[in-house]
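Note sheet for the following structure.
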Amino acid sequence: MDDANPEQRPSRGRPRSRYAERSEQVKQNMRLYRARQAAEQAALGRALEGLLQAVSSGDLQGSFAAGAAVAGIWQESLMRSRFLGEGKNKSPKRRKNPDGSATGEA
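Mapped onto UniProt numbering, the consecutive letters of the sequence shown carry residue numbers 1 to 106.
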């Protein structure tokens, strides 16, 4: 290998082409996440509307069935895990000093 010619030396680190592939993969994952979230919100909205109609009409069995549908959608929802704080990407809480500051300087 010739050290005088930098074009022949292998570059250090990750190849440049992988950055573009990774950013495209992240964009695709976000599109899928947003689509799933929108579908869940639409399904939850339809189930809640059905529950509202069943309750307002006084239909006991319809109310129970619609409530079960709402509970089933909510149980598998992305929103539930975010709402309850069960997400894996939860950032750690910062330690606070006794004087209330977040950093080590008082």
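For every residue, glycine included, the Cβ atom is placed at its ideal position computed from N, Cα and C.
- In the three-state reduction of the DSSP assignment, R46 falls in the helix class.
- The continuous alpha helix (DSSP H) containing S81 extends over residues L78 to L84.
- For G72, the enclosing alpha helix (DSSP H) has its first and last residue at L60 to Q75.
- Spanning the alpha carbons of V55 and R22 requires a straight line of approximately 49 Å.
- Under the three-state reduction of DSSP, Q8 is assigned to coil, being neither helix nor strand.
- Of the residues Q37, V70 and R82, the one whose Cα lies closest to the Cα of L51 is V70.
- Ranked by Cα distance from R46, the first of Q75, A66, R82 and S81 is A66.
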